[in-house]
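**Q**
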Amino acid sequence: MATERIFPWLWLFMASCESSKWYGYLQSLPAATVDLALFWGTEQSRLLFDAAAIADGIEASAWLQGTEVEKELRNSETGEYLLKEIDDYYDTVVLPLSEGLGLSTTIAGYYRAYSLVSSRAFLVDAYHGLAMVPIADAFDHANENHVHLESDFDVCVVCGALDECPHDSETWDASPRGSSSSPMTSRLGLLSSEIAPSTSADCPSRYDADNTCDMVSNIPVIADTEVFNTYGERLSNASLLVRYGFMIEGNEWDSVAWTLEDVSSSLSGFDECPLLQATMGDNVSSDFIPSWSAILQRWEPRDTWTDSNLVFCSDFLGVSEMQDSHSSAGRKPLQSPAAGEGSSAGSRPHFEDLEKMLSLNEDGKISHQLWVFCALAVLNQREGRRRLDVLEKVDALTRLAVAQLDVETQIFEDCDDMVSDSDDPDTEVRASASVDRGPRHPREQSPSKELLFQVGQTVERVCAYRLSKMQRAANMSCSQVAEALDDVPRCKPRTRLAMTQVINEMSLLETCISLWKQVAP
69 MATERIFPWL WLFMASCESS KWYGYLQSLP AATVDLALFW GTEQSRLLFD AAAIADGIEA
129 SAWLQGTEVE KELRNSETGE YLLKEIDDYY DTVVLPLSEG LGLSTTIAGY YRAYSLVSSR
189 AFLVDAYHGL AMVPIADAFD HANENHVHLE SDFDVCVVCG ALDECPHDSE TWDASPRGSS
249 SSPMTSRLGL LSSEIAPSTS ADCPSRYDAD NTCDMVSNIP VIADTEVFNT YGERLSNASL
309 LVRYGFMIEG NEWDSVAWTL EDVSSSLSGF DECPLLQATM GDNVSSDFIP SWSAILQRWE
369 PRDTWTDSNL VFCSDFLGVS EMQDSHSSAG RKPLQSPAAG EGSSAGSRPH FEDLEKMLSL
429 NEDGKISHQL WVFCALAVLN QREGRRRLDV LEKVDALTRL AVAQLDVETQ IFEDCDDMVS
489 DSDDPDTEVR ASASVDRGPR HPREQSPSKE LLFQVGQTVE RVCAYRLSKM QRAANMSCSQ
549 VAEALDDVPR CKPRTRLAMT QVINEMSLLE TCISLWKQVA P
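Position in the sequence shown (first residue = 1) + 68 = my numbering.
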C-alpha cells in the first residue's frame, strides 16, 4: 500500500511543528480527520468523531455491506482490512521511530495524517514516489476536469536526477532508473535529516527548473468558474468514498464486480439448471477456471461486442494496470494513490487479473469475461461428458455470440432511448427494458439461441446473487431504497452517501436483469 509509505512522514513533520520548513503548508491543512468511509462503523472512529458522527457511521457501514465500498476497505492482494494494516504499521514502524526521535505521539494524530495523505497525495516520480503537492491539492476532483498535473516520472531512484547521473553507471549496484522500488524503505534511517533537510550536491539536476510538477490545462478555463483537477482516471464512487470521503453524481466509472467465489456461489446449487451444479461444483478450481482462462487468452473479442447492448469488451489489462500511467518514460499526468497502484502491464493476465474483469459497467452491460464465464457453464452442460478442446469451445462461444447479436437486433431496435423514473431522477433504466416491442424471438429457435436463453437466465442468477449480498437492502427494490433515502435527515451525511451508493449499484444490477429478461423471458 503506497499510502503507508508517506503518511508517517507527514505525521512526523507535523509533530515537529515549527522546526519543519513545511510548517506553513501543514497549518493550511484541515485540522480535523478527513471523513473517509474507511473509518465508518469502526472502533477507531470513536477516537476521531463525536457521538452523532459515530452513530451515523455505524448506520452507513451497515448499508455498505455487500457493496463495492466493502471491497475497497480490503487490500486487493492480501484480503486484509486496510485499517488493520494501518494499525500494524503504526505499531511496528512509526511508533518506534517517533519514540527514537523523542516525539510525542497520538494514534488519533496518526489517523489524521493518513486521511490527509489518502485524500491529497499524488504519485510524483520514481524517486519521490507518493508525495503531498502544495497548490495541487487545492483543486477538487471531477471526471470532466479542467487541469491536471504532469511530471517526469522516469528519474534516478537513488538521487532523483532527471538527466544523466553517476548512478546510471552499470557498476552502480542499485535499482534501475524508473523502477518502482520505494524510497522510504531505504531512507527510514534518515528521518531526522528529512525533518530538517539539507541540500545535496551530488546531483544538482534534482533542483533544476526542469525538475518540476506542472499544472496543465486540458480545456479553456472561463473566468469565475471553479477549476477541477483529476485524482486519476476511472475512479468509481466506491474508491472516492474510501480514499477521499466524497462521491460525484453520475459517475461514469461506477461499476459492479464479482469475485470468482461470488460467481461460483451464485451458480452452485442452481436447481433449475442441474448443469450448473455439475459445472460449478468441486471441479471449479481444477477444471472450469483454467478452461475459462484459456478461452479468454485465445479469443480476441474487441470487435465482437461493438454493437451489443448487453455485453461490453473490457481491456485485457486490469483496471489498476490501465491506470498506471508511469510504465514508460516521458512526462505523464500525476495520479492519486488510488489510481496509480498496480502491477506492471504488458503480459496476459492470470486468474487474479481476470477476476477483476468480472464486472458490470455503468450502462448495465456485463463484461466479455463474465459473459464467457456464464456461457461456458451453459455450454459445458450441453456437452455433458463430451470434452471439447479450447479451440472448439472458442468456436462454439463465437457462434453463440453471433446468435446473441442477431437476437439483440430484433429486441433492442431503439436501445439508446433512455427513460427516467419520475420518482427518482438519479435512477435510469433503458427504455428497452420496459417497453413492449412485440415478438421477441423468431418462432424457430436454433440450438445457439436456445443456449442463449439459458445464458440469459444464468446472468440473471448472477445479478440476483449480487443483490442479495446487500443485506441492509434485502427485499427492497432500488426505488424503495430511494424512497427511504428521502426520509434520512441531512444531519446524517454518511448514511445518505452510503444509501446513494447502494441505489447506484442496485440500479445497475436491476437494469442488467431487465435487459437480459428480454433475451430469456
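Where a beta carbon is used, it is the ideal one built from N, C-alpha and C, also for glycine.
1. Touch check for the stretch 168–179 and the stretch 107–116: three-plus C-beta pairs under 8 angstroms?
2. Check whether the Cβ atoms of L97 and L184 sit closer than 8 angstroms, and answer yes or no.
3. Are there 16 or more other CB atoms within 10 angstroms of the CB of Q569, so buried, or fewer, so exposed?
4. Could you tell me which whole alpha helix (DSSP H) segments of length 4 or greater appear in the stretch 108–178?
5. Where does D220 sit, in a helix, a strand or coil, going by DSSP?
6. Is the beta carbon of N297 sitting closer than 8 angstroms to the one on V201?
7. With a CB to CB cut of under 6 angstroms and the five nearest residues on each side skipped, what residues in its chain are close to M574?
8. Rounded to whole angstroms, what's the CA-CA distance from S144 to A550? Just pull it up for me.
9. What is the rounded straight-line gap between the Cα of S268 and the Cα of L141?
10. Given this structure, state the Cα-to-Cα distance separating S166 from L106, to the nearest angstrom.
11. Quick check on this structure: which residue in D159, A206, A229 and I287 has the alpha carbon closest to the alpha carbon of N213?
12. What alpha helix (DSSP H) runs, 4 residues minimum, are completely inside the stretch 530–563?
13. Ordered along the chain, which non-local residues of its own chain (more than five positions away) have a Cβ less than 8 angstroms from that of D292?
14. Can you grab the Cα-Cα spacing for the pair F207 / K461, in whole Å?
15. Using only alpha-carbon positions, find the residue among L465, L426, L456 and L150 that is nearest to A325.
16. In angstroms, rounded to a whole number, what distance separates the CA positions of V527 and L169?
17. Exposed or buried, D205, counting other C-beta atoms within 10 Å across all chains shown (16 or more means buried)?
18. How many Å lie between L94 and C281 at the Cα?
19. Looking at S285: is its Cβ nearer than 8 angstroms to the Cβ of S304?
20. Counting C-beta neighbours from all protein chains within 10 Å, is the total for C559 16 or more, i.e. buried, or is it exposed?
21. If L364 sits next to L422, beta carbons under 8 angstroms apart, how far is it from one beta carbon to the other, in whole angstroms?
22. Give me whichever residues DSSP pairs with F380 in a beta bridge.
23. Apart from the five residues just before and just after V523, which ones in its own chain have a Cβ nearer than 7 angstroms to its Cβ?
24. Between the alpha carbons of W373 and D193, how many angstroms are there, rounded?
25. So, is F223 buried or exposed, given that buried needs 16 or more other C-beta atoms within 10 angstroms?
26. For a quick check, are the C-beta atoms of W108 and A128 less than 8 angstroms apart?
27. What does DSSP give as the partner residues of D208 in its beta bridges?
28. In whole angstroms, what separates the C-alpha of P557 from that of Q437?
29. Count the other CB atoms, across all protein chains shown, that sit within 10 Å of the CB of T327; report buried if there are 16 or more and exposed otherwise.
30. Rounded to the nearest angstrom, how far is the Cβ of L473 from that of D371, given a contact under 8 angstroms?
31. Quick check on E294: buried or exposed, where buried means 16 or more other Cβ atoms within 10 Å of its Cβ?
32. Can you tell me which of V440, K517 and Q449 puts its alpha carbon nearest to the alpha carbon of E476?
33. Which residue comes first and which comes last in the alpha helix (DSSP H) that contains S333?
34. Does the Cβ of S237 have 16 or more other Cβ atoms within 10 Å, making it buried, or fewer, making it exposed?
35. Rounded to whole angstroms, what's the CA-CA distance from D138 to A566? Just pull it up for me.
**A** Judging by the given coordinates:
1. yes
2. yes
3. Flag for Q569 reads buried.
4. 119–132, 136–140, 150–157 and 163–168
5. strand
6. Not closer than 8 angstroms, so no.
7. C546
8. 30 angstroms
9. Interpretation of S268 is limited by its pLDDT of 43, a score under 50 that renders its predicted location unreliable; no figure is taken from the coordinates.
10. Answer to the nearest angstrom: the Cα atoms are 25 angstroms apart.
11. I287
12. 546–554
13. Here the set comprises nothing.
14. 51 angstroms
15. L426
16. Cα to Cα, V527 sits roughly 58 angstroms from L169.
17. buried
18. 19 angstroms
19. no
20. With fewer than 16 Cβ atoms within 10 Å of its Cβ, C559 is classed as exposed.
21. 6 angstroms
22. S435
23. C442, A443 and V446
24. 38 angstroms
25. It is Val, not Phe, that sits at residue 223 in the sequence shown. Counting Cβ neighbours within 10 Å, V223 comes out buried, since at least 16 surround it.
26. yes
27. According to DSSP, D208 bridges with F296.
28. In this structure, the alpha-carbon of P557 lies about 41 angstroms from that of Q437.
29. Taking a 10 Å sphere around the C-beta of T327, we find fewer than 16 other C-beta atoms and assign the residue as exposed.
30. At roughly 11 angstroms, the Cβ-Cβ gap does not stay under 8 angstroms, so L473 and D371 are not in contact.
31. exposed
32. K517
33. L328 to L335
34. exposed
35. Per the sequence presented here, residue 138 reads as Glu, with Asp not at that position. Rounded to the nearest angstrom, the two C-alpha atoms are 11 angstroms apart.
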